[in-house]
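Since the structure comes first, as structure tokens, the remarks are kept for the end.
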Amino acid sequence: MVKYTREVLGEAAAASYSIAGVLRFLGIQRPSGGMHAHISRQLKRFGIDTAHFTGQAHNRGLPGRHRLTPDQRLVELPEGHRRIPGVKLRKALLSIGLPEACECCGVGKTWLGKPLTLQVDHINGNFLDNRPRNLRFLCPNCHSQTATYAGARRDPDAPADTVYDESATTPTGLPLGRQLPRREEWLWNVYVYAFKGP
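Here the sequence shown is numbered in full-length UniProt numbering, starting from 1 and rising by one per residue.
Below, the structure written as structure tokens:
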């Protein structure tokens with residue numbers, strides 16, 4: 001193992017914001033956990049100031065470098081582009097005011113008192129088409145019943161279940177491009193069963 005002097009470690013620490021930065025400064029290409037611990041111990045042994053180190057918090061409080069606005073995310077992507085994760089699509093849809101409820105059955109964010117994660121459905125089955133008119137929230141049960149679930153393709157002769165309207169908006173007034181279903185409160189029948197014991 002190479003022995004580093006106080007001067008070399010002091011210069012590396014002054015030019016870095018973390019132990020990993022010190023290792024890079026010293027030219028250590030593939031640092032192991034042992035090397036990280038060794039350099040950390042040497043810095044303490046020599047009494048070299050590391051108060052300016054921020055560790056993994058070097059971006060704390062700063063906006064993300066690659067953060068896209070909903071207008072940039074909710075577009076039709078070119079062929080060959082990577083799929084945008086559902087979590088990011090969900091945030092974009094919520095930010096434009098799409099109600100967080102299943103568009104088929106109306107169930108919300110909870111089911112039987114437990115949190116329910118609604119899924120983002122691409123109505124036409126094309127995961128590159130992220131326009132608001134092609135995205136909707138569905139509960140897992142309703143989503144599994146769609147013709148495009150899990151990459152299946154819709155029968156071209158199947159009747160359309162979505163009404164496209166360029167003037168349609170979300171409840172907050174942002175353009176959506178399709179009509180949201182309007183439904184009355186769902187009526188649920190509650191049955192009480194009595195069991196006779198032995």
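Think of the CB as a built atom: it goes at the ideal place given N, C-alpha and C, for glycine as much as any other residue.
These numbers come from a predicted model, not from an experiment.
**Best match in Leu89, Ala147, Val22 for proximity to phenylalanine 53 [C-alpha to C-alpha]** = Nearest option by C-alpha distance: Val22.
**Asked** Among the residues of its own chain, which have a CB less than 6 Å from the CB of arginine 6, if the five just before and after it don't count?
**Response** Hits under 6 Å: Phe46.
**Prompt:** How big is the Cα-Cα spacing for leucine 112 and glycine 177?
**Reply:** Looking at the backbone, the Cα of leucine 112 and that of glycine 177 are separated by about 33 Å.
**Prompt:** Between glutamate 76 and the rest of its own chain, which residues show a CB-CB distance below 6 Å, the 5 nearest in sequence each way excluded?
**Reply:** If we look at glutamate 76 and ignore the five residues flanking it on each side, its Cβ neighbours are Asp129, Arg131.
**Request:** For histidine 36, collect the residues of the same chain with a Cβ closer than 6 Å to its Cβ; drop the 5 residues on either side in sequence, then sort them by chain order.
**Result:** Around histidine 36: Ile19.
**Message:** Counting C-beta neighbours from all protein chains within 10 Å, is the total for glutamate 103 16 or more, i.e. buried, or is it exposed?
**Reply:** Glutamate 103 should be labelled buried.
**Request:** Count the other C-beta atoms from every protein chain shown that fall within 10 angstroms of the C-beta of cysteine 105, then say buried if there are 16 or more, exposed otherwise.
**Result:** That one is exposed.
**Message:** What ranges does the alpha helix (DSSP H) occupy inside the stretch 8-83, keeping only unbroken runs of at least 4 residues that lie completely in it?
**Reply:** If we require 4 residues or more, the alpha helix (DSSP H) runs fully inside the stretch 8-83 come out as 19-25, 33-46, 70-73.
**Request:** Indicate, with yes or no, if the ligand GDP has a heavy atom lying under 8 Å from the CB of glutamate 7.
**Result:** This structure does not include the ligand GDP; it has no bound ligands of any sort.
**Prompt:** To which residues of the same chain is threonine 110 closer than 8 Å at the C-beta, ignoring the five residues directly before and after it?
**Reply:** Within the same chain, Leu116 come within 8 Å of threonine 110 by CB-CB distance, once the 5 residues on both sides are set aside.
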